[in-house]
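Engineer: First the structure, which I've put down as structure tokens, then a few questions once you've had a look.
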Amino acid sequence: MDKLIIQGGHELHGEVQIAGAKNAALPLMAASVLVHGTTELSNIPRLVDVRTMGRVLENLGLVIERDEDAGRLSLNATNLNSDTAPYELVKTMRASFYALGALIGRLGKAKVSLPGGCAWGPRPVDIHLKGLEAMGVTIDLDEGYVIADASRIHGAHFVLSFPSVGATVNLLLVAATIPEETVLDNVAREPEVTALVRMLQQMGATIEGTGSSTLRIVGTRDLKPIKQKVIADRIEAGTYLAAVGMAGGEITLKGAEPEHLTMVIAKAVEAGLHITVTAEGIRVRRNGELRPVDVETAVYPGFATDMQAQWIALMSVANGSSFVTDTIYTDRFTHVAELIRLGAKVTMKENVAKIQGPATLKGAPVMSTDLRASACLVLAGLAAKGETHISRIYHLDRGYERLEEKLRNVGAVIERQSE
Ligand code: EPU
Numbered sequence: 032m033d034k035l036i037i038q039g040g041h042e043l044h045g046e047v048q049i050a051g052a053k054n055a056a057l058p059l060m061a062a063s064v065l066v067h068g069t070t071e072l073s074n075i076p077r078l079v080d081v082r083t084m085g086r087v088l089e090n091l092g093l094v095i096e097r098d099e100d101a102g103r104l105s106l107n108a109t110n111l112n113s114d115t116a117p118y119e120l121v122k123t124m125r126a127s128f129y130a131l132g133a134l135i136g137r138l139g140k141a142k143v144s145l146p147g148g149c150a151w152g153p154r155p156v157d158i159h160l161k162g163l164e165a166m167g168v169t170i171d172l173d174e175g176y177v178i179a180d181a182s183r184i185h186g187a188h189f190v191l192s193f194p195s196v197g198a199t200v201n202l203l204l205v206a207a208t209i210p211e212e213t214v215l216d217n218v219a220r221e222p223e224v225t226a227l228v229r230m231l232q233q234m235g236a237t238i239e240g241t242g243s244s245t246l247r248i249v250g251t252r253d254l255k256p257i258k259q260k261v262i263a264d265r266i267e268a269g270t271y272l273a274a275v276g277m278a279g280g281e282i283t284l285k286g287a288e289p290e291h292l293t294m295v296i297a298k299a300v301e302a303g304l305h306i307t308v309t310a311e312g313i314r315v316r317r318n319g320e321l322r323p324v325d326v327e328t329a330v331y332p333g334f335a336t337d338m339q340a341q342w343i344a345l346m347s348v349a350n351g352s353s354f355v356t357d358t359i360y361t362d363r364f365t366h367v368a369e370l371i372r373l374g375a376k377v378t379m380k381e382n383v384a385k386i387q388g389p390a391t392l393k394g395a396p397v398m399s400t401d402l403r404a405s406a407c408l409v410l411a412g413l414a415a416k417g418e419t420h421i422s423r424i425y426h427l428d429r430g431y432e433r434l435e436e437k438l439r440n441v442g443a444v445i446e447r448q449s450e
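Under my numbering, read the sequence shown as residues 32 to 450, first letter to last.
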């Protein structure tokens, strides 16, 4: 298993190219199942999760050609020959559950393993299933599988009880194929969902309300394969922004979309970072002390739960105490115990972390527990005195493209070692 070794205390200067968004690429890949012919996706990040989704789709019969260096993926779903996404694949990545919406949309039936829990809690799929049932899909749960029969599918009006990203994606994949009106209320408005809406529109579905909480969809059985570019990863950009906050220096986040980062930028400015939007992306500079800033995670356009761990790391070196609350995933705090090993002063009460800054972080061996927790430990390692060893970094490879290379290019001292 690989580990990362970081020598902290080096400022970051230069440019980081922000990759395509993992959480946008995965639903677009799933949408390719809906059509006969070849879907071409560009700006695909080189990530383990993208490869996992590729395996799920190949298992259904898709023919996939990859050019990882060019960030291109072509997916041909003409010879789709299976309606099953097995446990062995779905358990490794929750987004494999998008196979459910994709298969119902294309075949009118599906057998997809329930994804189960994850490192920080149960993560249910009840909203996905209730929405499908509202569209006339019969759902049976058998031996850990969702067995869906859509022979009586129809348009519907469904209000999501919570604006779940995954449920919105699955319901959109199905609604785009029903030639009747479906109204989805209280949908997720994350940019990754909007990217899928735009793709389905180009494929031939009529969708009104793009970017809003209510989507009116009139689908078609005759969707067309198209070319689509994946949007920039706002969480990767936010993570590098926080890296500058921790290590100091000035970097340009090339290709980052400032309008997808409004809340993170506002909080970063409040904390004392200098942020400039340029033609190339976002420039971030730190010179001087950081101020403590409270955040509470919320659905988009609120502060993303996927930035919560990185913000706790940043606040550990701010000049005063702050509170970070996660309302989306109330148990997503496995990074806190590891941060404390590096010298951060954090106490937890339910889903609220109280961070007492400024801590003098000192390198230590720590362990990654999930993707964003790992990012948080890397950030802390950049600011810590001495050497930080982060083990189990396979989590990072799921969602950060060439992280150590990108950080090294801007002056961090970081290397990967195989254990
Ligand atoms: N929820 C339900 N029932 C459902 C679905 C969701 O109660 O049927 C609850 C969840 O338990 C959670 C909340 O709704 O409390 C939000 O879950 P959501 O469905 O929106 O999350 P997701 O689709 O499973 C995506 C991202 C996550 C990100 C969340 C929240 C992808 C592939 N994953 O997950 O990203 O944290 O939205 O923004 O898009 C990551 O990239 O590190 C990551 C975990």
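The C-beta atom is built at its ideal place from N, Cα and C for all residues, glycine as well.
Check whether the region 350–369 touches the region 381–388, counting contact only when three or more Cβ pairs, one atom from each stretch, lie closer than 8 Å.
Structural biologist: Of all C-beta pairs linking the region 350–369 to the region 381–388, three or more are shorter than 8 Å, placing the two stretches in contact.
Engineer: Do threonine 293 and the ligand EPU come close, with the Cβ less than 7 Å from some heavy atom?
Structural biologist: no
Engineer: Starting from the C-beta of proline 146, find all residues in its chain whose C-beta is less than 6 Å away, skip the five residues before and the five after it, and write them out in chain order.
Structural biologist: Val121, Arg125 and Phe128
Engineer: Looking at glutamate 223 and the ligand EPU, is the gap between the Cβ and the nearest heavy atom below 7 Å?
Structural biologist: Checking the Cβ of glutamate 223 against the ligand EPU gives yes.
Engineer: If I follow the unbroken beta strand (DSSP E) through glycine 280, where does it start and stop?
Structural biologist: 280–285
Engineer: When the Cα of valine 351 is compared with those of Ala302, Val196, Ala368 and Gly394, which residue comes out closest?
Structural biologist: Correcting the residue type first, residue 351 is glycine in the shown sequence and not valine. Cα-wise, what sits closest to glycine 351 is Ala302.
Engineer: Quick one: give me the first and last residue of the beta strand (DSSP E) that glutamate 239 is part of.
Structural biologist: 237–239
Engineer: Run through the DSSP bridge pairs and tell me what arginine 314 is partnered with.
Structural biologist: Thr283 and Thr307
Engineer: Could you tell me whether the Cβ atoms of alanine 274 and leucine 43 are closer together than 8 Å?
Structural biologist: yes
Engineer: Going by DSSP, what residue range makes up the beta strand (DSSP E) through glycine 45?
Structural biologist: 43–48
Engineer: Given the structure, does proline 155 come close to the ligand EPU, in the sense that its CB is under 7 Å from one of the ligand's heavy atoms?
Structural biologist: Yes, the Cβ of proline 155 comes within 7 Å of a heavy atom of the ligand EPU.
Engineer: Entirely within the region 388–432 and at least 4 residues each: give me those alpha helix (DSSP H) ranges in chain order.
Structural biologist: 402–414 and 425–430
Engineer: Just the C-alpha distance for isoleucine 306 and arginine 314, rounded to the nearest angstrom, thanks.
Structural biologist: 6 Å
Engineer: For aspartate 114, is the classification buried or exposed, using 16 other Cβ atoms within 10 angstroms of its Cβ as the cut-off for buried?
Structural biologist: Buried, since its Cβ has 16 or more Cβ neighbours within 10 Å.
Engineer: Do the region 278–294 and the region 89–103 make contact, defined as three or more Cβ pairs closer than 8 Å?
Structural biologist: no
Engineer: Are at least three pairs of beta-carbons, each pair with one atom in the region 398–410 and one in the region 363–374, less than 8 Å apart?
Structural biologist: yes
Engineer: Return helix, strand or coil for leucine 104, following the three-state DSSP convention.
Structural biologist: strand
Engineer: Relative to the C-alpha of glutamine 457, which candidate in Thr356, Leu254 and Val295 has its C-alpha closest?
Structural biologist: With the chain represented from 32 up to 450, any question about residue 457 goes unanswered, as that position is not in the structure.
Engineer: At what residues does the alpha helix (DSSP H) containing threonine 365 begin and finish?
Structural biologist: 365–372
Engineer: Can you tell me whether lysine 122 sits near the ligand EPU, meaning its C-beta is under 7 Å from at least one heavy atom of the ligand?
Structural biologist: no
Engineer: Assign serine 243 to one of three DSSP states: helix, strand, or coil.
Structural biologist: Correct three-state label for serine 243: coil.
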